[in-house]
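Taking it in order: structure first as structure tokens, then the write-up.
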Amino acid sequence: MAPHHHRTMSDSLVVSAEAHPDKEVVVVGGTERYTYGRLHDTALRTARLLQDHGVQRGDRVVVFADNSWACVASIFGTWLAGAVVVVVNAQTKADKLAYLLADSDAKVMVTEAKLARVFRPVVGTLPILCAGKAPEGTVELGEALAAVEPKPAPHGCVATDLAAFIYTSGSTGEPKGVVMTHQNMTFTVASLIEYLRLGPDERIINLLPLAFDYGLYQLLMTVRLGATLVLEAGFGFPEVIRRRLRDEQVTVVPGVPTVFATLLAGDQTPYLSVRRVTNTAAALSPELIPRLAALFPEALIYKMYGLTECKRVLYLEPEQLAVRPASVGKAIPGTEVFLLSPDGAPVPAGEAGILHVRGPHVMVGYWNKPEQTAQMIKPGRFPGDRILCAQDWFKMDEEGYLYFLGRSDDIIKSRGEKVSPVEVENALYGLTDVREAAVIGVEDPVLGQAIRAYVALEAGSALTAADIRRHCQGCLENYMVPAEVVILEELPKTDTGKIRKKGLLEEQA
Amino acid sequence: MSIIETVTPNQLTAADVEAQLRGFIVDNFFVEDELDARESLTDAGVIDSTGVLEVVSWIEDTFSVVVPDADILPDNLDSIARIVGYVMGIAGA
Numbered sequence: 031m032a033p034h035h036h037r038t039m040s041d042s043l044v045v046s047a048e049a050h051p052d053k054e055v056v057v058v059g060g061t062e063r064y065t066y067g068r069l070h071d072t073a074l075r076t077a078r079l080l081q082d083h084g085v086q087r088g089d090r091v092v093v094f095a096d097n098s099w100a101c102v103a104s105i106f107g108t109w110l111a112g113a114v115v116v117v118v119n120a121q122t123k124a125d126k127l128a129y130l131l132a133d134s135d136a137k138v139m140v141t142e143a144k145l146a147r148v149f150r151p152v153v154g155t156l157p158i159l160c161a162g163k164a165p166e167g168t169v170e171l172g173e174a175l176a177a178v179e180p181k182p183a184p185h186g187c188v189a190t191d192l193a194a195f196i197y198t199s200g201s202t203g204e205p206k207g208v209v210m211t212h213q214n215m216t217f218t219v220a221s222l223i224e225y226l227r228l229g230p231d232e233r234i235i236n237l238l239p240l241a242f243d244y245g246l247y248q249l250l251m252t253v254r255l256g257a258t259l260v261l262e263a264g265f266g267f268p269e270v271i272r273r274r275l276r277d278e279q280v281t282v283v284p285g286v287p288t289v290f291a292t293l294l295a296g297d298q299t300p301y302l303s304v305r306r307v308t309n310t311a312a313a314l315s316p317e318l319i320p321r322l323a324a325l326f327p328e329a330l331i332y333k334m335y336g337l338t339e340c341k342r343v344l345y346l347e348p349e350q351l352a353v354r355p356a357s358v359g360k361a362i363p364g365t366e367v368f369l370l371s372p373d374g375a376p377v378p379a380g381e382a383g384i385l386h387v388r389g390p391h392v393m394v395g396y397w398n399k400p401e402q403t404a405q406m407i408k409p410g411r412f413p414g415d416r417i418l419c420a421q422d423w424f425k426m427d428e429e430g431y432l433y434f435l436g437r438s439d440d441i442i443k444s445r446g447e448k449v450s451p452v453e454v455e456n457a458l459y460g461l462t463d464v465r466e467a468a469v470i471g472v473e474d475p476v477l478g479q480a481i482r483a484y485v486a487l488e489a490g491s492a493l494t495a496a497d498i499r500r501h502c503q504g505c506l507e508n509y510m511v512p513a514e515v516v517i518l519e520e521l522p523k524t525d526t527g528k529i530r531k532k533g534l535l536e537e538q539a
Numbered sequence: 131m132s133i134i135e136t137v138t139p140n141q142l143t144a145a146d147v148e149a150q151l152r153g154f155i156v157d158n159f160f161v162e163d164e165l166d167a168r169e170s171l172t173d174a175g176v177i178d179s180t181g182v183l184e185v186v187s188w189i190e191d192t193f194s195v196v197v198p199d200a201d202i203l204p205d206n207l208d209s210i211a212r213i214v215g216y217v218m219g220i221a222g223a
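Chains as they are written, first to last, in my numbering: chain V, 31 to 539; chain H, 131 to 223.
Right, dumping it as structure tokens:
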């Protein structure tokens with residue numbers, strides 16, 4: 031008997047699978063097609079298998095996979111086992127994977143054979159369930175699923191149990207696990223569906239990694255709606271995406287500015303099936319908006335703003351786009367935002383302030399990082415009330431619409447993904463010949479910001495810019511690799527001897 | 131006797147293209163092991179979406195051709211063997 035509520039994240043799958051078991055839930059790469067009934071069965075078997083490998087309520091399961099069927103089924107399987115899912119981007123390299131496995135204290139990892147060369151050196155004795163041709167020492171996922179019953183043991187999770195960790199880059203360079211409960215996530219899924227005005231007939235395309243909250247929520251909204259997800263591994267081949275939009279009669283296109291700039295660089299034949307276009311993660315430049323409207327003439331276009339710590343914060347009603355093209359709108363339904371000065375005083379309309387957020391979508395905190403959590407989450411108006419400080423500067427107009435002004439830290443946004451300059455600098459310092467390194471973001475029409483690294487080398491070093499980029503490709507996710515490496519004799523310094531990043535930009539200007 | 135080293139398009143061989151391509155990949159991307167010519171470069175994590183565009187630029191610059199957007203497909207570009215085949219088709223004829 032399916033539940034009539036959405037208390038935990040697996041409830042929506044149970045409801046949708048009972049209502050229409052034969053409806054398509056996900057189409058992978060335009061060829062593999064799966065129904066709700068199949069997803070429910072596979073997720074139940076995954077849950078049983080995880081429990082057979084020792085996973086209990088609240089344990090963490092790392093899903094290290096590309097956008098794939100195994101990834102989708104494992105996310106829901108983890109929830110049906112009562113465990114906490116940690117989806118890790120398939121571009122992650124070995125050292126960072128080791129950090130994420132240790133930080134999250136993973137009990138089991140579900141992954142894919144094509145990633146074996148990344149995970150094999152770092153997994154130790156961790157049980158590995160591996161889709162595809164499983165390397166020695168791992169369990170072949172497909173065979174193991176076929177051999178278990180689709181009957182996990184009851185787990186007893188309630189809405190305030192933990193559902194997911196979503197890792198995000200921080201200004202200190204160490205990735206932080208954003209901890210979300212089932213209640214956080216079920217609330218947020220419903221809020222997004224409400225303001226996007228979505229229904230059960232949607233066909234939502236997802237090009238973004240499921241490890242990225244914007245990608246993950248496309249799947250979660252789809253299953254909650256009983257709709258269909260058109261899942262792609264990325265947008266490296268724009269022509270594939272153009273074909274998929276038409277062949278699959280896609281109705282919702284979530285993107286970041288890099289995706290839209292790439293689509294607008296090619297064939298401009300309008301996509302008439304598309305009813306919603308959403309942008310977040312980096313600002314959509316006002317020049318792109320009329321061109322997007324021409325490419326998607328039947329679509330409502332949404333500008334949005336969010337941060338992983340509460341998933342989504344603001345959205346602009348599409349009817350307001352022509353009226354206030356520079357605004358990112360107001361708080362998402364069921365939540366509240368306001369601006370405060372750095373010392374905590376309310377900020378009047380028209381003046382700059384730091385955005386603060388209140389609502390059921392605000393994270394529990396960062397896993398194992400109480401000090402960094404305390405910097406972001408402040409006590410609210412009554413015992414237990416919590417306010418999230420977004421650390422970004424905004425101003426509000428007289429009618430309550432918000433305008434993004436800038437970040438209060440030096441995080442770079444490239445291709446819509448957060449990049450910590452410190453994390454990239456640490457990778458550069460991994461080369462013994464690198465004496466000094468500084469990483470900044472520079473404006474780029476397609477990437478939003480492109481990553482530029484400045485390095486000074488030890489005397490006599492023969493390292494080239496290409497050598498340095500190649501080294502970075504070996505230890506960083508591709509979106510973090512500097513697009514440009516500039517080798518200087520010495521980097522500019524402040525009086526106290528710190529590298530002066532502002533000086534670098536000025537010298538280049 | 132001197133060996134003529136200039137390769138004009140109509141003298142291209144698949145082996146030349148493959149050697150140049152492997153050199154480009156090793157110089158510009160992080161590759162731990164010898165790549166199988168049929169292995170998917172995106173699956174192996176060698177290239178991603180911007181990597182694809184770098185490969186396209188390299189083809190255009192090296193072989194003095196224009197790669198139309200409609201050709202930027204996995205079938206043409208997602209393994210060493212496919213890129214060699216594509217280059218031979220577009221530049222070697």
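In this text, a Cβ means the ideal position worked out from N, Cα and C, and glycines have one as well.
If the cut is a Cβ gap below 8 Å, which residues of chain V does residue i touch?
| i | result |
| --- | --- |
| H:ILE202 | PHE267, PRO268 and GLU269 |
| H:THR172 | ALA263, GLY264 and GLY266 |
| H:ASP82 | This structure cannot speak to residue 82 of chain H, because chain H is shown only from 131 to 223. |
By the DSSP assignment, the beta strand (DSSP E) with residue i in it spans what residues?
| i | result |
| --- | --- |
| V:THR494 | Per DSSP, V:THR494 belongs to no beta strand (DSSP E) and is neither H nor E. |
| V:LEU192 | 192 to 198 |
| V:ILE417 | 416 to 426 |
| H:GLU148 | Segment 144 to 158 is the alpha helix (DSSP H) holding H:GLU148; no beta strand (DSSP E) there. |
| V:MET334 | 330 to 335 |
| V:ALA161 | 158 to 161 |
Taking only the alpha-carbon atoms, compute the straight-line gap between residue i and residue j and give it to the nearest angstrom.
| i | j | result |
| --- | --- | --- |
| V:LEU521 | V:GLY471 | 16 Å |
| H:ARG208 | V:CYS419 | Per the sequence shown, the amino acid found at residue 208 of chain H is Asp instead of Arg. Roughly 43 Å separates the two Cα atoms. |
| V:ILE441 | V:SER450 | 5 Å |
| V:LEU322 | V:GLY285 | 12 Å |
| V:LEU145 | V:TYR197 | 19 Å |
| V:THR252 | V:ALA489 | 56 Å |
| V:GLY60 | H:VAL214 | 26 Å |
| V:TRP109 | V:GLY364 | 25 Å |
| V:ASN8 | V:ARG37 | In the structure displayed, chain V extends from 31 to 539; residue 8 of chain V sits before or after that span and is not available. |
| V:VAL452 | V:GLU48 | 48 Å |
| V:ASP243 | H:GLY181 | 24 Å |
| V:TYR225 | V:GLU166 | 48 Å |
| V:ASP297 | V:ARG233 | 22 Å |
| V:GLN479 | V:ASP191 | 37 Å |
| V:VAL169 | V:THR155 | 12 Å |
| V:LEU43 | V:ARG254 | 7 Å |
Residue i versus chain H: which residues are under 7 Å apart at the beta carbon?
| i | result |
| --- | --- |
| V:LYS544 | Summary: the structure shown does not reach residue 544 of chain V, with chain V confined to residues 31 through 539, and so no result is reported for it. |
| V:ASN119 | Residues of chain H passing the Cβ test: none, with the nearest at roughly 11 Å. |
| V:ASN456 | Result: empty, since nearest Cβ-Cβ is about 17 Å, beyond 7 Å. |
Going along the chain, which residues of its own chain have a beta-carbon closer than 6 Å to the beta-carbon of residue i, five neighbours each way excluded?
| i | result |
| --- | --- |
| H:GLU135 | Note that H:GLU135 scores a pLDDT of 49, beneath 50, so its modelled location is shaky; the value from the coordinates is reported in the next line. None. |
| V:LEU314 | PRO287 and LYS333 |
| V:GLY533 | PRO522 |
| H:PHE154 | TRP188 |
Find the residues of chain V that neighbour residue i, judging by a C-beta separation of less than 9 Å, and give them in chain order.
| i | result |
| --- | --- |
| H:PHE154 | Within 9 Å Cβ-Cβ: nothing; H:PHE154 doesn't reach chain V, min ~11 Å. |
| H:ASP166 | Residues of chain V passing the Cβ test: none, with the nearest at roughly 12 Å. |
Report the CB separation of residue i from residue j in whole angstroms; it is logged as a contact under 8 Å.
| i | j | result |
| --- | --- | --- |
| V:LEU351 | V:ILE319 | 7 Å |
| V:ALA329 | V:VAL304 | 5 Å |
| V:VAL260 | V:ARG274 | 6 Å |
| V:ARG482 | V:VAL516 | 7 Å |
Under DSSP, the alpha helix (DSSP H) around residue i begins and ends at which residues?
| i | result |
| --- | --- |
| V:THR141 | Segment 136 to 142 is the beta strand (DSSP E) holding V:THR141; no alpha helix (DSSP H) there. |
| V:ILE271 | 268 to 277 |
| V:MET215 | 212 to 226 |
| V:THR462 | Run containing V:THR462: none; DSSP gives neither H nor E here. |
Looking only at its own chain, which residues have a Cβ that is under 8 Å from the Cβ of residue i, when we skip the five neighbours before and after it?
| i | result |
| --- | --- |
| V:VAL178 | ARG75, ARG78, LEU79 and ASP82 |
Which same chain residues end up closer than 7 Å to residue i when comparing Cβ atoms and leaving out the 5 residues on each side of it in sequence?
| i | result |
| --- | --- |
| V:PHE265 | LEU237, ILE271, VAL289 and THR292 |
| V:VAL58 | SER98, TRP99 and LEU261 |
| V:VAL85 | VAL91, ALA111, ALA113, LYS137 and VAL138 |
| V:ASP439 | SER201 and GLN421 |
How would you list, in chain order, the residues of chain V whose beta-carbon sits under 7 Å from the beta-carbon of residue i?
| i | result |
| --- | --- |
| H:VAL182 | GLY266 and PHE267 |
By the criterion of Cβ-Cβ separation under 9 Å, what are the contact partners of residue i in chain H?
| i | result |
| --- | --- |
| V:ALA496 | ASP157 and ASN158 |
| V:GLN279 | None at all; the shortest Cβ gap to chain H is about 21 Å. |
| V:ASN508 | GLY175, ILE177, ASP178, SER179, THR180 and GLY181 |
| V:ARG227 | Chain H residues near V:ARG227: none, gap ~30 Å exceeds 9 Å. |
| V:ARG500 | VAL156, ASP157, ASN158, PHE159, PHE160 and VAL161 |
Which residues in chain H sit within 8 Å of residue i, going by Cβ to Cβ distance?
| i | result |
| --- | --- |
| V:GLY460 | Those within 8 Å of V:GLY460 in chain H number zero; the least Cβ separation is about 13 Å. |
| V:LYS443 | What V:LYS443 touches in chain H: nothing, since even the nearest Cβ is about 15 Å away. |
Tell me whether residue i, by its Cβ, gets closer than 7 Å to a heavy atom of the ligand NAP.
| i | result |
| --- | --- |
| V:ALA100 | Of the ligands one can find in the structure shown there are none, so the ligand NAP has no counterpart to examine. |
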